[in-house]
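Okay, structure first, notes after.
Number of protein chains: 2
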Amino acid sequence: MSKLATNTKKRDVAIVGVGSTPIGEHWDKGLRELTWDASIAAVEDAKIRGKDLELIIVGNMSGGMFVGQEHVAALVADFLGLKPTPAVRVEAACASGGVALRQGYLAVASGLYDLVAVGGVEKMTDVQAGWATSILTGAMDFEWEAYFGTTFPGIYALMARRYMHQYGLTREKLAEVAVKNHYHGSSNPLAHFQNRIKVEDVLNSSLVADPLRLYDCSPISDGGACVILAPAEKAKQYTETPIIIEASTQASDTLSLFEREDICTLDATVEAAKQAYSRAKISPKDVDIIEVHDCFTIAEILALEDLGFCKKGEAAKFYEGEQTYVGGTLPVNTDGGLKASGHPVGATGIKQVIEIVKQLRGEAEGARQVKGAEIGLAQNVGGSGATVVVTILRRR
Amino acid sequence: MSKLATNTKKRDVAIVGVGSTPIGEHWDKGLRELTWDASIAAVEDAKIRGKDLELIIVGNMSGGMFVGQEHVAALVADFLGLKPTPAVRVEAACASGGVALRQGYLAVASGLYDLVAVGGVEKMTDVQAGWATSILTGAMDFEWEAYFGTTFPGIYALMARRYMHQYGLTREKLAEVAVKNHYHGSSNPLAHFQNRIKVEDVLNSSLVADPLRLYDCSPISDGGACVILAPAEKAKQYTETPIIIEASTQASDTLSLFEREDICTLDATVEAAKQAYSRAKISPKDVDIIEVHDCFTIAEILALEDLGFCKKGEAAKFYEGEQTYVGGTLPVNTDGGLKASGHPVGATGIKQVIEIVKQLRGEAEGARQVKGAEIGLAQNVGGSGATVVVTILRRR
Chain V
49 MSKLATNTKK RDVAIVGVGS TPIGEHWDKG LRELTWDASI AAVEDAKIRG KDLELIIVGN
109 MSGGMFVGQE HVAALVADFL GLKPTPAVRV EAACASGGVA LRQGYLAVAS GLYDLVAVGG
169 VEKMTDVQAG WATSILTGAM DFEWEAYFGT TFPGIYALMA RRYMHQYGLT REKLAEVAVK
229 NHYHGSSNPL AHFQNRIKVE DVLNSSLVAD PLRLYDCSPI SDGGACVILA PAEKAKQYTE
289 TPIIIEASTQ ASDTLSLFER EDICTLDATV EAAKQAYSRA KISPKDVDII EVHDCFTIAE
349 ILALEDLGFC KKGEAAKFYE GEQTYVGGTL PVNTDGGLKA SGHPVGATGI KQVIEIVKQL
409 RGEAEGARQV KGAEIGLAQN VGGSGATVVV TILRRR
Chain U
49 MSKLATNTKK RDVAIVGVGS TPIGEHWDKG LRELTWDASI AAVEDAKIRG KDLELIIVGN
109 MSGGMFVGQE HVAALVADFL GLKPTPAVRV EAACASGGVA LRQGYLAVAS GLYDLVAVGG
169 VEKMTDVQAG WATSILTGAM DFEWEAYFGT TFPGIYALMA RRYMHQYGLT REKLAEVAVK
229 NHYHGSSNPL AHFQNRIKVE DVLNSSLVAD PLRLYDCSPI SDGGACVILA PAEKAKQYTE
289 TPIIIEASTQ ASDTLSLFER EDICTLDATV EAAKQAYSRA KISPKDVDII EVHDCFTIAE
349 ILALEDLGFC KKGEAAKFYE GEQTYVGGTL PVNTDGGLKA SGHPVGATGI KQVIEIVKQL
409 RGEAEGARQV KGAEIGLAQN VGGSGATVVV TILRRR
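As you go down the protein sequences, you meet chains V and U in turn.
Residues 49 to 444 in my numbering are what the first sequence spells out, letter by letter.
Residues 49 to 444 in my numbering are what the second sequence spells out, letter by letter.
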């Protein structure tokens with residue numbers, strides 16, 4: 049089994065600055081402007097200068113296919129005026145942000161770097177929506193899935209249909225995931241969608257891939273997000289409220305859905321979560337808030353189970369009595385999730401972590417602040433679960 | 049200035065296994081098969097099992113645009129049967145391989161991981177050659193260069209023309225770079241081109257972008273390459289002849305050529321080389337063999353100067369008297385370089401390092417073995433120099 053070598057003491061890593069753009073359709077901004085806006089905000093939040101940064105990691109899924117731009121990390125270092133600082137782009141489909149964060153975490157935890165910026169960015173709206181869906185199939189197995197016409201709505205529809213069959217989930221209950229996320233998004237000024245919706249709105253929206261309808265699907269969004277990492281022992285230099293990365297774990301699964309024994313669970317989530325709880329020395333019941341990867345409503349259901357918050361087949365019960373709302377026992381996706389706050393794929397994993405940081409700092413805007421939250425967890429998924437990153441954060 | 053935090057003792061890292069595919073046109077292999085062939089060879093060379101690997105890093109430039117496949121690291125982990133081992137794709141254009149190696153180096157040097165596979169792969173021939181040239185413009189600044197029709201032959205032609213004007217380099221002398229690299233390629237059974245050529249062949253080949261002709265340009269190649277990294281103190285478990293990574297440094301420069309003060313030098317090469325020599329505690333005169341990034345003949349000329357092997361404007365002298373040939377004072381690109389051995393962009397940085405490893409082990413095939421080589425250096429360039437990685441290797 050994959051493991052971190054256990055013979056070495058690591059040091060703790062803190063997030064000391066965060067910044068993000070509004071998520072949505074940015075007709076006046078490209079990759080470089082989105083990066084600029086998010087990075088400057090993070091650098092200012094950490095009260096550092098850009099030149100203090102020793103390493104830049106950038107999560108970006110498909111700059112090449114979306115806007116003709118690979119070599120995105122070099123673009124970032126250049127446009128921020130940071131040459132010759134080394135800059136590394138990492139890509140793991142929609143988990144690019146999470147994997148980037150983990151690479152930055154390892155760089156600081158190792159003792160090799162002190163001050164690292166980890167950004168995520170995606171500019172998706174410069175192509176028409178249908179073509180964006182085609183580009184996103186780059187996250188699945190091209191030869192065994194995409195080539196035959198599979199799309200991600202189709203993949204997740206297979207999971208949803210199977211789950212409904214196996215565990216009795218109703219179409220109405222599934223809709224409640226989107227209703228809750230739009231409700232949360234309505235108090236997030238950076239969210240792509242800030243309108244509230246009802247179950248009937250979901251049920252009456254266009255069919256995309258049966259049983260998934262338009263309001264089950266996260267949107268095509270532009271956006272950038274950035275966090276600044278520092279060793280925990282030096283974190284108070286930069287911020288009053290450092291947030292500690294208690295665990296950052298990553299696991300792989302088959303790239304194709306058909307190779308899985310059970311398409312109602314993401315093995316990589318189960319594995320990454322197991323490792324994360326072990327490293328953070330906590331169990332799911334210790335977690336106060338979570339951000340999970342609801343690229344489609346069904347994905348949030350699977351995440352709650354795979355992360356250990358309930359048994360397989362029982363997540364739907366969570367949506368009774370507003371337990372998953374701010375004020376409930378386990379607030380889920382308080383920023384609106386991918387569904388309402390948006391899904392700029394390379395930035396999403398960073399955006400999730402920023403929401404947890406804001407919540408743990410007590411800085412979430414308006415009605416969505418969870419009172420007294422101390423431990424948060426983020427789950428970031430690439431493709432249909434071939435890559436999953438789990439991050440556990442704690443206020444100290 | 050960017051720097052490694054200096055407060056932490058690192059441990060040494062060794063390359064304990066190498067493997068690569070033949071470089072060329074692989075009509076019967078895709079990304080996964082190329083990866084498979086290279087990885088299996090490396091794993092066998094290190095006498096380990098795949099399951100012993102704790103982390104996989106994959107350099108790939110444009111899987112999305114070349115073959116519709118992003119999420120390449122997950123594909124690799126899946127196809128090698130290594131789930132749930134974490135797998136990370138890194139991209140830095142044609143320096144993707146070098147940056148991947150550096151990420152793997154940091155993972156082991158930090159003490160966090162013991163056994164790491166670093167691969168590079170690119171499948172370029174599934175698109176027609178003209179379209180491949182367009183895809184490769186993803187490595188430059190899309191908005192300020194590629195959008196206006198710039199191509200890489202055009203960019204390097206600007207450098208070549210300026211250099212010829214400024215330093216009196218002749219067209220004939222420039223051709224000798226290609227002649228030497230084809231000569232070396234002729235004894236490399238994995239090289240894309242194994243034919244020898246003459247100066248007249250270069251001068252009579254098709255004009256691509258004045259003054260560069262077809263034989264000044266590296267080819268569009270498919271290929272995969274993989275190295276296995278381990279802590280130096282454990283390296284003898286795996287191999288009789290571990291090769292130590294004495295330095296792995298990376299620097300950034302502007303993405304666009306027009307922003308540079310001097311287009312006859314790559315600042316990122318100068319910076320990365322300075323850091324590398326400092327860390328390895330050597331100077332250029334201690335280096336026995338080098339692999340440099342001759343995507344175009346002029347790039348090899350610039351590299352010799354920027355790496356400190358001669359003064360600016362004087363590299364052409366190196367091509368008198370066969371000094372750069374095997375048997376000369378400084379053998380350059382003994383595998384044939386990018387020009388003859390091929391340039392599968394994401395794999396190139398790994399392929400270069402494998403040639404150095406073979407040379408230092410004394411395992412280079414046939415006539416190209418350099419006698420008694422102890423220290424080798426590889427320089428891997430992304431774009432027109434926005435990312436440069438320098439690796440110094442030593443036999444102990």
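For each residue, glycine too, the CB sits at the ideal point set by N, CA and C.
What you are looking at is a predicted structure, and each value in this text was computed from that prediction instead of being measured.
Could you tell me the alpha carbon to alpha carbon distance between residue 324/U and residue 296/U, rounded to whole angstroms? Here residue 324/U refers to the residue found at position 276 when the second sequence is read from its first residue. Here residue 296/U refers to the residue found at position 248 when the second sequence is read from its first residue. Their Cα atoms are separated by approximately 6 Å.
Starting from residue 106/U, follow the alpha helix (DSSP H) in both directions and report where the run begins and ends. The count along the second sequence starts at 1 and reaches residue 106/U at position 58. Note, residue 106/U: premise wrong, no alpha helix (DSSP H); beta strand (DSSP E) at 103-107.
Check the Cβ-Cβ distances between residue 391/V and every residue of chain U, and say whether any is below 9 Å. Position 343 of the first sequence, counted from the start, is the residue given in the question as residue 391/V. Chain U contact via Cβ: absent.
Could you give the distance in angstroms between the alpha-carbon of residue 136/U and the alpha-carbon of residue 168/U? Locating residue 136/U in the second sequence gives position 88, counting from the first residue. Locating residue 168/U in the second sequence gives position 120, counting from the first residue. If I take the Cα positions, the gap works out to 11 Å.
The alpha helix (DSSP H) spanning residue 279/V covers which residue range? Residue numbering aside, residue 279/V sits at position 231 when the first sequence is read from its first letter. Taken as a continuous stretch (DSSP letters only), residue 279/V belongs to no alpha helix (DSSP H), being part of the beta strand (DSSP E) at 271-279.
For residue 434/U and chain V, any beta-carbon pair shorter than 9 Å? As a working note, residue 434/U is residue 386 in the second sequence. With 9 Å as the cut-off, residue 434/U counts as an interface residue toward chain V.
Roughly how many whole angstroms lie between the Cα atoms of residue 240/U and residue 354/U? One-based indexing of the second sequence puts residue 240/U at position 192. One-based indexing of the second sequence puts residue 354/U at position 306. Cα to Cα, the separation comes out at about 27 Å.
List, in chain order, every chain V residue whose beta-carbon is nearer than 8 Å to that of residue 327/U. Translated into the one-based positions of the second sequence, residue 327/U becomes position 279. Here the premise fails: no neighbours, minimum Cβ distance about 12 Å.
How many Å lie between residue 222/U and residue 317/U at the Cα? Taking the first residue of the second sequence as 1, we reach residue 222/U at position 174. Taking the first residue of the second sequence as 1, we reach residue 317/U at position 269. Cα to Cα, residue 222/U sits roughly 20 Å from residue 317/U.
Got a sec, what are the start and stop residues for the alpha helix (DSSP H) residue 163/V sits in? By 1-based counting over the first sequence, the position of residue 163/V is 115. It is not in any alpha helix (DSSP H) - residue 163/V carries neither H nor E in the DSSP assignment.
Count the other C-beta atoms from every protein chain shown that fall within 10 angstroms of the C-beta of residue 97/U, then say buried if there are 16 or more, exposed otherwise. Taking the second sequence and counting its residues from 1, one reaches residue 97/U at position 49. That one is exposed.
Do residue 263/V and residue 350/V have their C-beta atoms closer together than 9 Å? One-based indexing of the first sequence puts residue 263/V at position 215. One-based indexing of the first sequence puts residue 350/V at position 302. Not a contact, by the Cβ cut-off of 9 Å.
Per DSSP, residue 268/V forms a beta bridge with which residues? The residue you call residue 268/V lines up with position 220 of the first sequence. According to DSSP, residue 268/V bridges with nothing at all.
Kindly say whether residue 195/U, judged by its beta-carbon, lies nearer than 9 Å to any beta-carbon of chain V. Counted from its first residue, the second sequence places residue 195/U at position 147. Interface criterion met: the Cβ of residue 195/U is under 9 Å from a Cβ in chain V.
Measuring only the C-alpha atoms, how far is residue 84/V from residue 123/V? The residue given as residue 84/V occupies position 36 in the first sequence. The residue given as residue 123/V occupies position 75 in the first sequence. The alpha-carbon atoms of residue 84/V and residue 123/V are separated by roughly 10 Å.
Residue 366/U - DSSP class collapsed to helix/strand/coil: As a first step, residue 366/U is located in the second sequence; it is residue number 318 there, counting from the start. Residue state, collapsed to three classes: helix.
Entirely enclosed beta strand (DSSP E) segments - the region 291-359 of chain U, minimum 3 residues: 291-300, 337-339
Enumerate in chain order the residues of its own chain whose CB-to-CB distance from residue 152/V is below 6 Å, with the five nearest sequence positions on each side excluded. By one-based count along the first sequence, residue 152/V stands at place 104. If we look at residue 152/V and ignore the five residues flanking it on each side, its Cβ neighbours are 105, 164, 166, 277.
With residue 320/U and residue 418/U assumed to form a contact (beta carbons below 8 Å), what rounded beta-carbon distance in angstroms separates them? Walking along the second sequence from the start, residue 320/U turns up at place 272. Walking along the second sequence from the start, residue 418/U turns up at place 370. Rounded, the Cβ-Cβ distance is 23 Å, inconsistent with contact.
Among all the DSSP beta bridges, which residues are the ones paired with residue 398/U? For the purposes of this step, residue 398/U is taken as the residue at position 350 of the second sequence. Bridge partners of residue 398/U: none, in fact.
Taking only three categories from DSSP, how would you classify residue 124/V? In the first sequence, counting from the first residue as 1, residue 124/V sits at position 76. Looking at residue 124/V - three-state DSSP - the assignment turns out to be helix.
Please report whether the beta-carbon of residue 49/U lies at a distance below 9 Å from any beta-carbon of chain V. Within the second sequence, residue 49/U is the residue found at index 1, counting from 1. In this prediction, residue 49/U scores a pLDDT of 33, lower than 50, which makes its location untrustworthy; no coordinate-derived value is stated.
Any idea which residues DSSP pairs residue 423/U with across the strands? Position 375 of the second sequence holds residue 423/U. Beta-bridge partners of residue 423/U (DSSP): 442/U.
Can you find a C-beta in chain V that's less than 9 Å from the C-beta of residue 52/U? The count along the second sequence starts at 1 and reaches residue 52/U at position 4. Because residue 52/U carries a pLDDT of 48, less than 50, the predicted location of this residue cannot be relied on, and the following value inherits that uncertainty. Interface flag for residue 52/U against chain V is set, since a Cβ pair is found closer than 9 Å.
Decide if residue 415/V is buried, meaning its Cβ has at least 16 other Cβ atoms within 10 Å, or exposed. In the first sequence, counting from the first residue as 1, residue 415/V sits at position 367. By the 10 Å Cβ count, residue 415/V comes out exposed.
Could you tell me whether the Cβ atoms of residue 144/U and residue 430/U are closer together than 9 Å? In the second sequence, residue 144/U corresponds to position 96, counting from 1. In the second sequence, residue 430/U corresponds to position 382, counting from 1. Contact: yes.
Counting only Cβ pairs nearer than 7 Å, list the residues of chain V close to residue 118/U. Counted from its first residue, the second sequence places residue 118/U at position 70. Result: 109, 110, 139, 141, 186, 187.
Does the region 70-87 of chain U come into contact with the region 353-368 of chain U, if we say contact requires no fewer than three beta-carbon pairs (one atom in each stretch) closer than 8 Å? no
Could you work out which residue in 435/U, 266/U, 443/U is closest to residue 134/V when comparing CA atoms only? For the purposes of this step, residue 134/V is taken as residue 86 along the first sequence, with counting starting at 1. The shortest C-alpha separation from residue 134/V is found at 435/U.
Would you kindly check if the distance between the Cβ of residue 232/U and the Cβ of residue 381/U is under 9 Å? For the purposes of this step, residue 381/U is taken as residue 333 along the second sequence, with counting starting at 1. For the purposes of this step, residue 232/U is taken as residue 184 along the second sequence, with counting starting at 1. In this structure, residue 381/U sits near residue 232/U, with a CB-CB distance shorter than 9 Å.
Quick one: grab the DSSP three-state call for residue 432/V. Taking the first sequence and counting its residues from 1, one reaches residue 432/V at position 384. Coil at residue 432/V, not helix or strand.
Tell me the DSSP secondary structure of residue 222/V in three-state form. One-based indexing of the first sequence puts residue 222/V at position 174. DSSP places residue 222/V in helix when its eight states are reduced to three.
List, in order along the chain, the chain U residues whose C-beta lies closer than 8 Å to that of residue 190/V? On the first sequence, residue 190/V is found 142 positions in, with the first residue counted as 1. 115, 116, 117, listed in chain order.
Under three-state DSSP, which class holds residue 51/U? On the second sequence, position 3 is the one that residue 51/U refers to. Caution is warranted here: a pLDDT of 47 is assigned to residue 51/U, below 50, making its placement in the model unreliable, and the coordinate value is therefore given only provisionally. Here residue 51/U sits in coil by DSSP.
Can you list the residues of chain U that residue 290/V reaches, using a CB-CB cut of under 8 Å? Locating residue 290/V in the first sequence gives position 242, where the first residue counts as 1. Within 8 Å Cβ-Cβ: nothing; residue 290/V doesn't reach chain U, min ~18 Å.
Local Cβ density within 10 Å of residue 176/U, reported as buried at 16 or more and exposed below that: Numbered from 1 along the second sequence, position 128 holds the residue referred to as residue 176/U. Classification for residue 176/U: exposed.
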